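Here the structure comes first, spelled out in structure tokens, and everything after it is commentary.
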Amino acid sequence: MNRATPQAGPALAAFTQLLSSTRRGARLARLLTVTEMLSWEVPQDLAERAELVVAELAANAVLHGHVPGRCFRLSLTYNRAAGRPTVEVTDARGECKPRTPAPDAGPDDGPDAEAEPLRTGGHGLTLVTALADHWDCVPHPPGGKTVRAVLTTPAAGG
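Reading the sequence shown from the start, the letters are residues 0 to 157 in numbering that gives the first Met the number 0.
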């Protein structure tokens with residue numbers, strides 16, 4: 000006798016949304032990420048990391064990737080079997096590639112080192128590097144770019 004096997008849901012969950020290239024659009028990207036991750040039952044640690052990564056990438060899309068009249072795109076996927084969410088933010092400025100800032104000079108520079116004013120920006124991709132297991136930037140024709148970050152579930156007991 001044949002019986003239907005209950006399904007736990009698709010192995011790959013996906014979400015995509017175009018958002019205005021404004022501060023409000025960046026905030027909405029973060030809120031949508033939280034909502035989707037909760038609906039997909041992503042582990043809390045992973046969902047929080049994804050939220051922070053999206054907040055940074057969306058802010059970068061608004062600040063550095065903005066072209067008047069063009070939106071940015073948020074894409075989220077969650078591979079349930081691998082426990083791996085992927086976030087992608089696509090903007091319209093392909094010529095502006097993201098760069099991880101060089102490590103700042105620390106306090107061990109000695110007493111003769113010139114003092115620089117504290118920078119309030121430029122550390123976002125350092126945060127993304129710390130939170131994501133891998134991130135990269137790929138061209139998005141006809142002239143944009145997509146910054147993608149992959150997160151994985153930490154090892155048990157880790």
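For every residue, glycine included, the Cβ atom is placed at its ideal position computed from N, Cα and C.
Nothing here was measured: the structure is a model prediction, and the numbers come from that model.
Selection from the options that minimises the alpha carbon distance to residue i
{"i": "ARG92", "options": "VAL137, VAL33, ARG29 and LEU45", "result": "VAL137"}
{"i": "LEU126", "options": "LEU56, GLY142 and CYS70", "result": "LEU56"}
Residue i versus residue j - alpha carbon distance
{"i": "VAL66", "j": "ARG26", "result": "18 Å"}
{"i": "ALA80", "j": "LEU18", "result": "29 Å"}
{"i": "VAL52", "j": "GLU87", "result": "10 Å"}
{"i": "ALA12", "j": "GLU94", "result": "31 Å"}
{"i": "SER74", "j": "HIS122", "result": "23 Å"}
{"i": "CYS70", "j": "GLY24", "result": "9 Å"}
{"i": "ARG72", "j": "PRO9", "result": "23 Å"}
{"i": "VAL33", "j": "ALA46", "result": "7 Å"}
{"i": "GLY64", "j": "ARG83", "result": "26 Å"}
{"i": "ARG48", "j": "ALA60", "result": "18 Å"}
{"i": "ASN78", "j": "GLY68", "result": "33 Å"}
{"i": "ASP90", "j": "GLY143", "result": "6 Å"}
{"i": "VAL146", "j": "THR85", "result": "11 Å"}
Residue range of the unbroken beta strand (DSSP E) whose run includes residue i
{"i": "VAL137", "result": "133-139"}
{"i": "VAL149", "result": "143-149"}
{"i": "GLU87", "result": "83-90"}
{"i": "ALA13", "result": "11-18"}
CB-CB length for residue i against residue j, believed under 8 Å
{"i": "GLN43", "j": "LEU31", "result": "That belief does not hold up - the Cβ atoms of GLN43 and LEU31 are roughly 17 Å apart, past 8 Å."}
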